[in-house]
Amino acid sequence: EAGVTQSPTHLIKTRGQQVTLRCSPISGHTSVYWYQQALGLGLQFLLWYDEGEERNRGNFPPRFSGRQFPNYSSELNVNALELEDSALYLCASSLEWYEQYFGPGTRLTVT
Amino acid sequence: AQSVTQLGSHVSVSEGALVLLRCNYSSSVPPYLFWYVQYPNQGLQLLLKYTTGATLVKGINGFEAEFKKSETSFHLTKPSAHMSDAAEYFCAVSDRDTGNQFYFGTGTSLTVIP
Numbered sequence: 001e002a003g004v005t006q007s008p009t010h011l012i013k014t015r016g017q018q019v020t021l022r023c024s025p026i027s028g029h030t031s032v033y034w035y036q037q038a039l040g041l042g043l044q045f046l047l048w049y050d051e052g053e054e055r056n057r058g059n060f061p062p063r064f065s066g067r068q069f070p071n072y073s074s075e076l077n078v079n080a081l082e083l084e085d086s087a088l089y090l091c092a093s094s095l096e097w098y099e100q101y102f103g104p105g106t107r108l109t110v111t
Numbered sequence: 001a002q003s004v005t006q007l008g009s010h011v012s013v014s015e016g017a018l019v020l021l022r023c024n025y026s027s028s029v030p031p032y033l034f035w036y037v038q039y040p041n042q043g044l045q046l047l048l049k050y051t052t053g054a055t056l057v058k059g060i061n062g063f064e065a066e067f068k069k070s071e072t073s074f075h076l077t078k079p080s081a082h083m084s085d086a087a088e089y090f091c092a093v094s095d096r097d098t099g100n101q102f103y104f105g106t107g108t109s110l111t112v113i114p
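Protein chains in written order, with our numbering: chain A, 1 to 111; chain B, 1 to 114.
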């Protein structure tokens, strides 16, 4: 069974630019979660999508947004990048809410 | 509000020694508790979880954790450390009232000394 996949693996952006990260959940999973893992801050919950709808949102500014497609894959968009957005962005999927399966992450560096 | 505190950002043990990683939580409702492991350049892997029932939970790779409500703790243990256990470990708490949101601790980096 294929796990959660994320693309790209790494990317480097300049402050002020926009970026889109992608996530494909495990087949059959309808929920997708996004987390930010910044150095020294642990994992911070960003967004939860289920059945194409945004169900919950963490304490992040509106320039962090996303969507979930009919095939349950998801995108995370970050506008007006700031230096502090540099982090590992993790996507997780679940069928049952209490068991999230994580992808390998996308490492974003903002210069 | 829920939160998780992991005592000790770095823990070192000798190979074969007991592993003890500490996790305390705060929750206004009965919590669901999790331990995840993260190897370098990889995502998180679920080690074990407590939802309801038996308070001693066994996970993968010989790890186990005990939910102690009176101490608001969910410490992770393994009787004998192996070199392959070297990784970052995260404790997390959640419940349905938070909209499936997981609150993670800041992690404990485990080093195993040969």
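The C-beta atom is built at its ideal place from N, Cα and C for all residues, glycine as well.
Distance, residue j Cα to residue i Cα
| i | j | result |
| --- | --- | --- |
| ILE12 of chain A | VAL19 of chain A | 10 Å |
| TYR35 of chain A | ILE113 of chain B | 31 Å |
| LEU46 of chain A | GLU66 of chain B | 29 Å |
| VAL4 of chain A | SER109 of chain B | 24 Å |
| TRP97 of chain A | LEU56 of chain B | 21 Å |
| ASN77 of chain A | GLN6 of chain A | 14 Å |
| THR106 of chain A | TYR103 of chain B | 20 Å |
| GLY42 of chain A | TYR89 of chain A | 11 Å |
Residue i at chain A interface by Cβ criterion, 8 Å
| i | result |
| --- | --- |
| SER94 of chain B | yes |
| GLN101 of chain B | yes |
| GLY8 of chain B | no |
| THR106 of chain B | yes |
Same chain, Cβ closer than 6 Å to residue i, five either side skipped, listed in chain order
| i | result |
| --- | --- |
| SER59 of chain B | The question names Ser, yet the displayed sequence has Gly at residue 59 of chain B. Around GLY59 of chain B: LEU47 and LEU48. |
| ARG55 of chain A | TRP48 |
| VAL37 of chain B | GLN45, LEU47, ALA87 and TYR89 |
| HIS10 of chain B | SER109 |
| GLY107 of chain B | GLU88 and PHE90 |
Chain B contact for residue i (CB, 8 Å cutoff)
| i | result |
| --- | --- |
| LEU95 of chain A | no |
| PRO104 of chain A | yes |
| GLN100 of chain A | yes |
Neighbourhood of residue i by C-beta distance below 7 Å, restricted to the same chain and skipping five residues each side
| i | result |
| --- | --- |
| GLY28 of chain A | LEU95 |
| SER26 of chain B | GLN2, SER3 and THR72 |
| PHE60 of chain A | LEU46 |
| TYR101 of chain A | GLY3, VAL4, ILE26, ALA92, SER93 and SER94 |
8 Å CB neighbourhood of residue i in its chain, flanking five on each side removed
| i | result |
| --- | --- |
| ARG15 of chain A | LEU81, GLU82, LEU83, VAL110 and THR111 |
| LYS78 of chain B | LEU18, VAL19, ASN61, GLY62, PHE63, GLU64 and ASP85 |
Any non-hydrogen atom of the ligand SAM within 7 Å of residue i CB
| i | result |
| --- | --- |
| SER94 of chain B | No copy of the ligand SAM appears in this structure; indeed no ligand is present at all. |
Where residue i meets chain E, residues with beta-carbon distance less than 8 Å
| i | result |
| --- | --- |
| PHE63 of chain B | This model lacks chain E altogether, as its protein chains are A and B. |
I'd like the ranges of any beta strand (DSSP E) spanning at least 3 consecutive residues and lying wholly in the region 39 to 111 of chain B.
44 to 50, 56 to 58, 64 to 68, 73 to 78 and 87 to 94
For the region 28 to 61 of chain B, which residues have a CB atom closer than 9 Å to at least one CB atom of chain A, in sequence order?
Here the close residues are TYR32, PHE34, TYR36, GLN38, ASN41, GLN42, GLY43, LEU44, GLN45, LEU46, LYS49 and THR51.
At a CB distance below 9 Å, what residues from the region 33 to 48 of chain A approach chain B? Give them in sequence order.
Within the region 33 to 48 of chain A, the residues whose Cβ lies closer than 9 Å to some Cβ of chain B are TYR33, TYR35, GLN37, GLY40, LEU41, GLY42, LEU43, GLN44, PHE45 and TRP48, listed in chain order.
In the region 57 to 89 of chain A, which residues sit with their C-beta less than 8 Å from some C-beta in chain B, listed in chain order?
GLY58
Closer than 8 Å between beta carbons: that is the criterion. Which residues of the region 65 to 77 of chain B meet it against chain A?
none
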